[in-house]
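Following: one structure in structure tokens, then a few remarks.
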Amino acid sequence: MKRRVVITGMGIYSCLGKNLEEVCKSLYEGKSGIVFDPSRKELGFRSGLTASLAMPKLKGILSRNQRVYMAEQCNYAYLATDEALKNAKIDGDYLASHETGLLYGNDSSADAIMKSIDTMREKKDTTMIGSGAIFQSMNSTVTMNLSCIFKLKGINLTVSGACASGSHAIGLGRMLIQTGLQECVVCGGAQEVNPYSIGSFDGISAFSVRENDPAAASRPFDRDRDGLVPGGGAATVIIESYESAVKRGAPVLAEITGYGFSSNGDHISVPNVDGPCRSLKMAISEAKIDIRTIGYVNAHATSTPVGDANEAKAIANVFGDHRPEVTSTKSMTGHEMWMAGASEIVYSMLMMKNGFIAPNLNFENPDSDSVKLNIPATRVNKVFDTFLSNSFGFGGTNSTLIVKDIK
Amino acid sequence: MDKAALIKTVNEALAEEFEIEISALVPDAKIKDTLDIDSLGLVDMVALVDGLFGVKIQAHEITGILTFENLYDYIDKNIKG
């Protein structure tokens with residue numbers, strides 16, 4: 284008998300706000316976090332568009348000896364996790380006496396690597412790179428830092444699954460709890476925002492060049508979309524067994540009822556329809572629910588021509604004549620990549636808990652695929668108790684989560 | 606550079622890098638205890654000294670530099686010019 288897994292806490296630091304309250308307000312108002320950054324053009328970027336978020340100031344909150352090992356995205360992840368733990372009513376005493384796990388999505392740490400290599404080339408002396416660089420440069424920089432700062436004693440692992448990393452982290456954490464190997468796991472996703480981390484992504488012409496109107500650049504499912512806008516930050520969800528949550532009197536926010544995954548086994552960057560369909564069907568089958576109970580679909584849709592079209596085909600194929608609202612919050616945030624699978628669970632949770640669906644900004648004209656979906660371009664005030672969230676990534680990795688509200 | 610100026614430069618840089626009060630940096634104080642660092646932190650101290658004075662503390666010599674007095678003397682002895 285698999286155990287039930289519930290969400291008891293959430294935290295976020297994104298271009299929509301520095302905490303849950305700010306982000307919820309931005310979602311409700313349909314606010315875009317996208318800006319034009321002229322410094323990217325000086326670096327030779329094809330597109331100067333990016334999500335805008337300030338680097339947190341953690342001096343005075345964390346010691347120098349804690350901060351020196353943290354790459355950019357660790358700063359976001361620290362704040363998101365601190366908020367999530369507080370939200371879940373988990374303190375240091377609890378973490379000291381329970382083997383709490385940590386599974387976080389992250390798939391790059393380019394800025395730290397670049398700086399250490401620059402120093403090595405200039406100084407010809409590796410000591411001059413300093414003590415922090417190795418810990419900042421590794422893909423596991425987020426989990427190695429968070430586990431030490433919060434004194435976590437359970438599983439300690441980074442999930443690198445491209446743009447589905449954060450979603451897989453939650454799905455895999457759920458499996459560890461279902462099977463009884465963990466009672467509580469801190470899950471999430473983090474994404475660096477510095478230009479060096481995504482110059483190579485810009486180089487393959489994946490980004491929107493609608494620079495004269497940044498807020499209109501990310502337009503998932505719209506006929507005139509021309510590419511994604513890079514974003515970032517971090518999002519954390521605390522998941523635990525239902526029994527554990529009830530026993531300690533935690534706020535039981537929702538239950539993760541389904542996790543589906545698949546690999547396209549196809550092209551490295553071009554998504555197909557079959558892989559996402561299988562991921563969706565697995566999640567729905569595992570959740571053992573009537574598809575008509577799903578009141579909202581948070582799409583992966585990044586605003587790329589082929590990706591959005593194929594996801595629209597997959598959703599239409601799986602949902603048939605049931606047409607719940609489908610939106611991509613990337614229309615506001617841009618593509619939060621390694622973070623997206625986790626942040627979009629937080630965004631969807633905020634919407635579900637507050638009875639609305641944020642607009643799919645810039646959806647002005649459907650194309651032949653998105654016309655088959657129910658995509659609201661303005662906010663919908665709607666009470667729903669179950670949502671499905673898709674996350675897909677390079678290499679054809681797919682992840683789907685289904686979450687049901689608990690009042 | 607005279608010794609007093611050297612000490613002032615070292616102390617100001619260490620206080621900023623390791624976020625401690627400059628008044629804690631007295632000659633006979635133990636470096637690792639005062640700066641609250643382990644062997645990883647010593648790497649940053651070595652890099653800082655190299656960056657400030659062009660003085661490279663050799664790995665086999667760092668074990669002999671226990672106090673700030675030891676550090677000032679080492680830099681003073683090895684600084685060029």
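So the protein lines, in turn, are chains A and B.
Reading the first sequence from the start, the letters are residues 284 to 690 in the numbering used here.
Reading the second sequence from the start, the letters are residues 606 to 686 in the numbering used here.
Glycine included, every Cβ here is placed at the ideal spot set by N, Cα and C.
In this text the structure is predicted, and so the values were computed from the model without any measurement.
Relative to chain A, which residues along the stretch 616-627 of chain B have a C-beta separation below 7 Å, given in chain order?
Phe-623, Glu-624
Classify A/Asn-555 as helix, strand or coil using the three-state DSSP reduction.
coil
Just to check my reading of the structure: A/Ala-354 and A/Ala-517 have Cβ atoms closer than 8 Å, yes? What is that Cβ distance to the nearest angstrom?
Their Cβ separation, rounded to whole angstroms, is 11 Å, which puts A/Ala-354 and A/Ala-517 out of contact at 8 Å.
Against chain B: residues of the stretch 335-348 of chain A by CB proximity under 7 Å:
Arg-347, Asn-348
Among A/Gly-624, A/Thr-587, A/Met-565, which one has its Cα closest to the Cα of A/Ser-491?
A/Thr-587
What does a CB cutoff of less than 7 Å around B/Thr-672 pick up in its chain, not counting 5 residues either side in sequence?
Pro-632, Asp-633, Ala-634, Lys-635, Ile-636
Rounded to a whole number of angstroms, what is the C-alpha to C-alpha distance between A/Tyr-542 and A/Ile-685?
6 Å
Is there a Cβ of chain A sitting closer than 7 Å to that of B/Asp-638, yes or no?
B/Asp-638 does not count as touching chain A.
Alpha carbon to alpha carbon, how far is B/Phe-658 from B/Ile-680? Give it in angstroms, no decimals.
8 Å
What separation, rounded to the nearest whole angstrom, lies between the Cα atoms of A/Gly-590 and A/Ser-309?
26 Å
Residue range of the beta strand (DSSP E) that A/Ser-545 falls in?
A/Ser-545 -> beta strand (DSSP E) spans 537-546.
CB-CB under 8 Å to A/Leu-303, same chain, minus the five flanking residues each way: which ones, in chain order?
Met-293, Gly-294, Ile-295, Glu-366, Asn-370, Val-629, Leu-633
Report the rounded CA-to-CA distance for A/Leu-671 versus A/Arg-404, giving the unit in angstroms.
Taking the straight line joining both Cα atoms gives about 48 Å.
My output table needs one value for A/Lys-681: the three-state DSSP class, helix, strand or coil.
Contrary to the premise, residue 681 of chain A reads as Asn rather than Lys in this sequence. Looking at A/Asn-681 - three-state DSSP - the assignment turns out to be strand.
Consider the Cβ of B/Val-651: report whether some Cβ of chain A lies at a distance smaller than 7 Å.
yes
Buried or exposed (CB count within 10 angstroms, at least 16 for buried), A/Cys-467:
buried
Which same chain residues end up closer than 6 Å to A/Lys-372 when comparing Cβ atoms and leaving out the 5 residues on each side of it in sequence?
Ala-533
For the alpha helix (DSSP H) that A/Gln-349 lies in, which residues bound it at each end?
Element bounds for A/Gln-349: 347-350.
Please look up how many angstroms separate the CB atoms of B/Val-651 and B/Ile-684, rounded, as I've assumed it's under 8 Å.
About 15 Å; that fails the 8 Å criterion.
Could you please give me the residues that DSSP links to A/His-618 through a beta bridge?
A/Pro-513
Can we count A/Met-427 as close to the ligand FAD, meaning its CB is less than 6 Å from some heavy atom?
Ligands displayed in this structure: none; no statement on the ligand FAD is therefore possible.
Return no unless some Cβ of chain A is closer than 7 Å to the Cβ of B/Val-648.
yes
How far does the alpha helix (DSSP H) with B/Ala-664 in it reach, from first residue to last?
664-667
From A/Thr-410 to A/Ala-395, what does the alpha carbon distance come to, in whole angstroms?
15 Å
Which of the three DSSP states, helix, strand or coil, is assigned to A/Lys-687?
In this structure, A/Lys-687 counts as strand in the three-state DSSP scheme.
My output table needs one value for A/Ile-574: the three-state DSSP class, helix, strand or coil.
helix
Could you tell me which uninterrupted alpha helix (DSSP H) segments, each at least 4 residues in length, are contained entirely in the stretch 627-681 of chain B, listed from first to last along the chain?
Given a length threshold of 4 residues, each whole run of the alpha helix (DSSP H) inside the stretch 627-681 of chain B is given here in chain order: 636-640, 644-658, 664-667.
Beta-carbon neighbours of A/Gly-693, restricted to chain B and to distances below 7 Å:
Within the shown structure, residues of chain A are numbered from 284 to 690, placing residue 693 of chain A beyond reach of any answer.
Using a threshold of 7 Å, state whether the C-beta atoms of B/Leu-645 and A/Ser-380 are closer than that.
no
Return no unless some Cβ of chain A is closer than 7 Å to the Cβ of B/Leu-645.
Using a Cβ-Cβ cut-off of 7 Å, B/Leu-645 counts as an interface residue toward chain A, since at least one Cβ of chain A sits closer than that to its own.
Between the stretch 552-569 of chain A and the stretch 502-516 of chain A, can you find at least three pairs of beta-carbon atoms closer than 8 Å?
no
Return no unless some Cβ of chain B is closer than 7 Å to the Cβ of A/Met-411.
At least one chain B Cβ lies under 7 Å of A/Met-411.
Closest residue to A/Met-622 among A/Thr-519, A/Thr-585, A/Glu-382, A/Asn-547 (Cα-Cα distance):
Here the closest residue by C-alpha is A/Thr-519.
Quick check on A/Val-553: buried or exposed, where buried means 16 or more other Cβ atoms within 10 Å of its Cβ?
exposed
Under 8 Å Cβ to Cβ from B/Glu-617, same chain only, skipping five residues before and after it: list those, please.
Ile-627
Counting only Cβ-Cβ distances shorter than 7 Å, please list the residues of the stretch 397-430 of chain A near chain B, keeping chain order.
Per Cβ criterion, the list reads Thr-410, Met-411, Gly-413, Ser-414.
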